[in-house]
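Numbering (the numbering used here), first residue to last: 2 to 424.
Just so it is clear, CB atoms sit at the ideal spot from N, CA and C, and this is done for glycine as well.
These figures come from a predicted structure and were not determined experimentally.
This report refers to the structure that appears directly beneath it.
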């Protein structure tokens, strides 16, 4: 089977790596891919947002299955276009992708379908957002408040402001931070407290299959300090969510979400990622993502034992309820290595040292995110988040020990990472 993976990050490297282990995959392409992905797939110089070129490539190479990594392609309607041409593709429609592409749409969806989430209001301009804050609806000036850009912002469109003054500053700076299109509307939310987890699942519009729960570390600095990023590390561990909590999430959040999608004629097929806060009042939705997370994917997929092509077939055939998906027991961890200056102004072009030594650590995978490879075989930094060092073991402690052991073997000028992942 010829397979196409769309995207260029560490997430797509992990997906390509998984497909490379499938007995049913004969040829794997990745568009556009990166320096590390080239080891497991043929990289094709087509951007993830060039839908027409991707469709033409799929026809040219007789692609039998396409897997979309990132949200941009989905929001542009790649699934609709591939399906219109009779091509099998994993991911939600453009309409269903609005659950991620518009924070305002997602919050309204939750409100309509009775899905627990934080109190919110949508402002159609920065000025109205500031007026809403000053009205006192989100408490007095000392209360924290969450400021979100409505549109896609690569994980950087959320600011947890400690007080009203910080929130107003965030509102005024949001367009500069994420672009005017993404910040066209501003969503204000009450700041929830509790334990944050991510729960991902395969969906076939009617049935779902849960993946191991993950915990993400979003901020750049240790101790959860500094600005938000796309994610600096993740773990999977059995104790992240209890069976009772899982059942509550299924009944109050997952089932109503899938029913709501069906009712609104946007049936959800693909990977649904729900960001959750486990509060004293029960689980509440922080956000929907309509694809695999990055770096959640890396930590999750190293534990998957079932052939991923079989899972894709079940998603497309509506038969997830008949497929037993097996996961390796234990825990996993991913440590993200980022370039100097990330997330504001990452520096690129530095030679990466120690990759072979890191790959040699038992139980470790090195997933490339922002790398390029020169003709002489050297790898260079080519993005903000450069590498994801993923380890799997029987315990979280062992997984973290292995991952950090591999991290110690890698270097380039200005390399930064968090030393408190999983703590």
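Q) Would you call the region 89–98 and the region 267–280 in contact, with 3 or more CB pairs under 8 Å? A) In short, these stretches touch, since the Cβ pair count reaches three.
Q | residue 346, buried or exposed, once every other Cβ within 10 Å from all chains shown has been counted against 16 | A | For the purposes of this step, residue 346 is identified with residue 345 of the chain shown, where counting begins at 1. That one is exposed.
Q.
Starting from residue 262, trace the alpha helix (DSSP H) in both directions and tell me its first and last residue.
A. One-based indexing of the chain shown puts residue 262 at position 261. Start and end: 256–264.
Q. Which value, in whole angstroms, describes the spacing of the CA atoms of residue 182 and residue 123?
A. For this step, residue 182 is matched to residue 181 along the chain shown. For this step, residue 123 is matched to residue 122 along the chain shown. Between residue 182 and residue 123, the C-alpha separation is close to 15 Å.
Q) Can you name the start and end residues of the beta strand (DSSP E) that residue 244 belongs to? A) Residue mapping note: residue 244 aligns to position 243 of the chain shown, counting from 1. Judged by DSSP secondary structure, residue 244 falls outside any beta strand (DSSP E) and instead within the alpha helix (DSSP H) spanning 244–250.
Q) Where residue 372 and residue 192 are concerned, what is the direct C-alpha to C-alpha distance, given to the nearest angstrom? A) Within the chain shown, residue 372 is the residue found at index 371, counting from 1. Within the chain shown, residue 192 is the residue found at index 191, counting from 1. Each residue's alpha carbon lies about 36 Å from the other.
Q | Inter-stretch contact at 8 Å, needing at least 3 Cβ pairs: the region 105–120 / the region 286–293 | A | Yes, they touch.
Q) Of the choices 162, 2, 128 and 206, whose alpha-carbon is the least far from that of residue 261? A) Within the chain shown, residue 261 is the residue found at index 260, counting from 1. Of the candidates 162, 2, 128 and 206, the residue whose Cα lies closest to the Cα of residue 261 is 206.
Q: Could you name the residues that DSSP lists as bridge partners for residue 284?
A: The count along the chain shown starts at 1 and reaches residue 284 at position 283. Beta-bridge pairing links residue 284 to 279.
Q: With DSSP as the reference, label residue 377 as helix, strand or coil.
A: As a working note, residue 377 is residue 376 in the chain shown. It is coil, neither helix nor strand.
Q. How far does the alpha helix (DSSP H) with residue 99 in it reach, from first residue to last?
A. Translated into the one-based positions of the chain shown, residue 99 becomes position 98. 99–102 is the extent of the alpha helix (DSSP H) around residue 99.
Q: Check whether the Cβ atoms of residue 396 and residue 319 sit closer than 8 Å, and answer yes or no.
A: Taking the first residue of the chain shown as 1, we reach residue 396 at position 395. Taking the first residue of the chain shown as 1, we reach residue 319 at position 318. No, the Cβ-Cβ distance between residue 396 and residue 319 is not below 8 Å.
Q.
In this structure, how does DSSP classify residue 113 when only helix, strand and coil are distinguished?
A. Residue 113 sits at position 112 when you count from the first residue of the chain shown. Under the three-state reduction of DSSP output, residue 113 falls in the helix class.
Q: Leaving out five residues on either side along the sequence, give the residues of the same chain with a beta carbon under 6 Å from the beta carbon of residue 379.
A: Position 378 of the chain shown, counted from the first residue, corresponds to residue 379. Cβ neighbours of residue 379 within its own chain (closer than 6 Å, five residues either side excluded): 352.
Q | Assigned secondary structure, residue 175 (DSSP; H/G/I helix, E/B strand, else coil) | A | Reading the chain shown from its first residue, position 174 is the one you call residue 175. Note: residue 175 maps to helix in three-state DSSP.
Q: For the beta strand (DSSP E) holding residue 6, just list the boundary residues, first then last.
A: Locating residue 6 in the chain shown gives position 5, where the first residue counts as 1. For residue 6, the enclosing beta strand (DSSP E) starts and ends at 3–8.
Q: Please classify residue 216: does DSSP put it in a helix, a strand, or coil?
A: Locating residue 216 in the chain shown gives position 215, where the first residue counts as 1. Reduced to three states, the DSSP call for residue 216 is strand.
(Q) What does the Cβ neighbour count give for residue 1, buried or exposed, with the cut at 16 atoms within 10 Å? (A) Because the chain in this structure spans residues 2 to 424, residue 1 falls outside the shown range and cannot be described.
Q. Span of the alpha helix (DSSP H) holding residue 316?
A. Taking the first residue of the chain shown as 1, we reach residue 316 at position 315. Note, residue 316: alpha helix (DSSP H), 309–318.
Q | Inter-residue Cα distance where the pair is residue 336 and residue 195 | A | Taking the chain shown and counting its residues from 1, one reaches residue 336 at position 335. Taking the chain shown and counting its residues from 1, one reaches residue 195 at position 194. Linking residue 336 to residue 195 through their CA atoms gives a straight-line distance of about 23 Å.
Q. Which value, in whole angstroms, describes the spacing of the CA atoms of residue 413 and residue 326?
A. By 1-based counting over the chain shown, the position of residue 413 is 412. By 1-based counting over the chain shown, the position of residue 326 is 325. Each residue's Cα considered, the two are about 39 Å apart.
Q) What are the boundary residues of the alpha helix (DSSP H) that includes residue 268? A) In the chain shown, residue 268 corresponds to position 267, counting from 1. For residue 268, no alpha helix (DSSP H) encloses it, and the DSSP letter there is neither H nor E.
Q) Alpha carbon to alpha carbon, how far is residue 136 from residue 115? A) Within the chain shown, residue 136 is the residue found at index 135, counting from 1. Within the chain shown, residue 115 is the residue found at index 114, counting from 1. Going from the Cα of residue 136 to the Cα of residue 115 covers about 26 Å.
Q. Hey, residue 36 and residue 369: beta-carbon distance below 8 Å or not?
A. The residue given as residue 36 occupies position 35 in the chain shown. The residue given as residue 369 occupies position 368 in the chain shown. A contact, by the Cβ cut-off of 8 Å.
Q) Under the DSSP definition of a beta bridge, which residues are partnered with residue 88? A) Within the chain shown, residue 88 is the residue found at index 87, counting from 1. DSSP lists no partner for residue 88.
Q | Neighbourhood of residue 311 by C-beta distance below 7 Å, restricted to the same chain and skipping five residues each side | A | As a working note, residue 311 is residue 310 in the chain shown. Beyond the five residues adjoining it in sequence on each side, residue 311 comes within less than 7 Å, by CB distance, of 324 in the same chain, given in chain order.
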